[in-house]
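Chemist:
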Ligand code: ATP
């Protein structure tokens, strides 16, 4: 390869900048040119493409977000736009492309690979919902942000002897909720994968807990499991325990990446360039069984994973609702 392009696509995640920096600096160290493509596939179609040098990625390793910006580009699902994207890559001399994003972004990369652009993808999402990998860029930072926020809510919740419903991100993937459930010592965790939500059961547990002298009751709710505010009102009415809902929201997407997100994103970025230099295409980099590995995109997309049942059962035991 002579020129590698790099783009970020789908939802942003802390650590994407570390990955971009690693792609740029590894490529330059190997004598390969780099072009940045802004706003994902949207920017590719609009030819929002610029030359990157070592300085283009100065002072970004510690920053959340993505200096390349990100976007959704529904047109890119259509073959004519994929064709156009491949032609634009060729026009700009881009013979290798690194795509940082989620499953949807991998599909776009696969479609470009079919049209002769060598592609390697990195898993970038705070949700950890990519089946082929045990690690995704941004999850560690997001879950730490959520944990710290929940600690703060818990302090005040205990002082006021309140029940708190705290909504974290992860509409379809309950990893942030599950990890926080354990890390924050929540009394209940509500996630889509193990949907057994029953308000009567929760109310009963709160009443019993109060009688036993509990000073707080923390419920971690993955977004999409009902309306946290409505739930708070109903629980307060039924239990007599003051109940508040807190939605952490987009704070979980931002912030300075943790050491793990910086180091793993850097390792994956460097590996993507090495693979492209070796002539690889249609690959996804993953972290599996404590090793960085790579898979064919179609193979990666066909994999499935489920929330760790052992962790889920453990969280229930540790909640101490006996
Ligand atoms: P996240 O999980 O963080 O939302 P994602 O990469 O899965 O990330 P999507 O919105 O699904 O996010 O996909 C990002 C972009 O990838 C889409 O806007 C589109 O441009 C492209 N894309 C998604 N699905 C396909 C597909 N089937 N074929 C070609 N391109 C696709």
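In UniProt numbering, the protein residues as written are 5 to 326. Ideal Cβ placement from N, Cα and C applies to all residues, glycine included.
Which value, in whole angstroms, describes the spacing of the CA atoms of residue 213 and residue 154?
Modeler: The alpha-carbon atoms of residue 213 and residue 154 are separated by roughly 20 Å.
Chemist: Give the DSSP-derived three-state secondary structure of residue 216 in the structure shown.
Modeler: coil
Chemist: Tell me, please, which residues DSSP counts as bridged to residue 296.
Modeler: 291
Chemist: Do you know how far the Cα of residue 319 is from the Cα of residue 45?
Modeler: 40 Å
Chemist: Please report the Cβ distance between residue 315 and residue 182, rounded to the nearest whole angstrom; I am assuming they are in contact, meaning their Cβ atoms lie under 8 Å.
Modeler: 6 Å
Chemist: Could you have a look at residue 103 and say whether DSSP puts it in helix, strand or coil?
Modeler: strand
Chemist: Would you decide whether residue 225 is buried or exposed? Buried here means 16 or more other CB atoms lie within 10 Å of its CB.
Modeler: Under this definition residue 225 is a buried residue.
Chemist: Going by alpha carbons, who is nearest to residue 80 out of 96, 43, 234, 72?
Modeler: 43
Chemist: Answer yes or no: the CB of residue 45 versus the heavy atoms of the ligand ATP, is any distance below 7 Å?
Modeler: yes
Chemist: Return the CA-CA distance between residue 246 and residue 171, expressed in angstroms with no decimal places.
Modeler: 17 Å
Chemist: For residue 266, I'd like the list of residues in its chain whose CB is within less than 7 Å of its CB, leaving aside the five on either flank, ordered along the chain.
Modeler: 19, 22, 65
Chemist: So, with DSSP's three-state summary, where would you put residue 64?
Modeler: coil
Chemist: Quick check: is any heavy atom of the ligand ATP less than 7 Å from the C-beta of residue 42?
Modeler: In terms of side-chain proximity, the C-beta atom of residue 42 is found no nearer than 7 Å to any non-hydrogen atom of the ligand ATP.
Chemist: Within a Cβ cutoff of 8 Å, which residues of the same chain sit near residue 120, ignoring the five residues on either side of it in sequence?
Modeler: 90, 94
Chemist: Is residue 144 closer than 8 Å to residue 262 when the C-beta atoms are compared?
Modeler: yes
Chemist: Give the straight-line distance between the Cα atoms of residue 136 and residue 301, rounded to the nearest whole angstrom.
Modeler: 10 Å
Chemist: Does the structure place the segment 251-260 close enough to the segment 268-283 that three or more beta carbon pairs sit under 8 Å?
Modeler: no
Chemist: In whole angstroms, what separates the C-alpha of residue 277 from that of residue 92?
Modeler: Roughly 20 Å between the two C-alpha positions.
Chemist: Got a sec? Which residues, its chain only, sit under 6 Å from residue 169 by beta carbon, not counting five neighbours each side?
Modeler: 223, 225, 232, 235, 236, 249
Chemist: Would you say the beta carbon of residue 80 is closer than 7 Å to some non-hydrogen atom of the ligand ATP?
Modeler: yes
Chemist: Kindly indicate which residue of 82, 275, 293, 163 has the alpha-carbon position closest to the one of residue 287.
Modeler: 275
Chemist: Check this for me: beta carbons of residue 2 and residue 104, under 8 Å apart or not?
Modeler: Because residue 2 is not part of the residues shown, which for the chain are 5 to 326, the question remains open.
Chemist: Is residue 13 close to the ligand ATP? I mean its beta-carbon at under 7 Å from any heavy atom of the ligand.
Modeler: Yes, since a heavy atom of the ligand ATP falls inside the 7 Å radius drawn around the Cβ of residue 13.
Chemist: Given the structure, does residue 129 come close to the ligand ATP, in the sense that its CB is under 7 Å from one of the ligand's heavy atoms?
Modeler: Yes, the beta carbon of residue 129 sits closer than 7 Å to at least one heavy atom of the ligand ATP.
Chemist: Return the residue from the list 107, 191, 151 that minimises the CA-CA distance to residue 289.
Modeler: 107
Chemist: Output the distance between the C-alpha atoms of residue 140 and residue 146, rounded to the nearest integer angstrom.
Modeler: Spanning the two alpha carbons is a distance of roughly 11 Å.
Chemist: Would you tell me roughly how many angstroms separate the C-alpha atoms of residue 165 and residue 151, rounded to the nearest one?
Modeler: 20 Å
Chemist: For the alpha helix (DSSP H) containing residue 279, list its first residue and its last residue.
Modeler: 263-281
Chemist: Going by beta carbon distance, what residues of the same chain come within less than 8 Å of residue 32, once the five residues before and after it are set aside?
Modeler: 38, 57, 58
Chemist: Between which two residues does the alpha helix (DSSP H) holding residue 83 run?
Modeler: 83-95
Chemist: Compare the beta carbon distance of residue 194 and residue 229 with 8 Å and say whether it is the shorter of the two.
Modeler: For the pair residue 194 and residue 229, the CB atoms are nearer than the 8 Å cut-off.
Chemist: Can you give, in chain order, each stretch of the beta strand (DSSP E) that sits fully within the segment 131-195 and has at least 3 residues?
Modeler: 167-172, 192-194
Chemist: Measure the Cβ-Cβ separation of residue 5 and residue 279 and say whether it is below 8 Å.
Modeler: no
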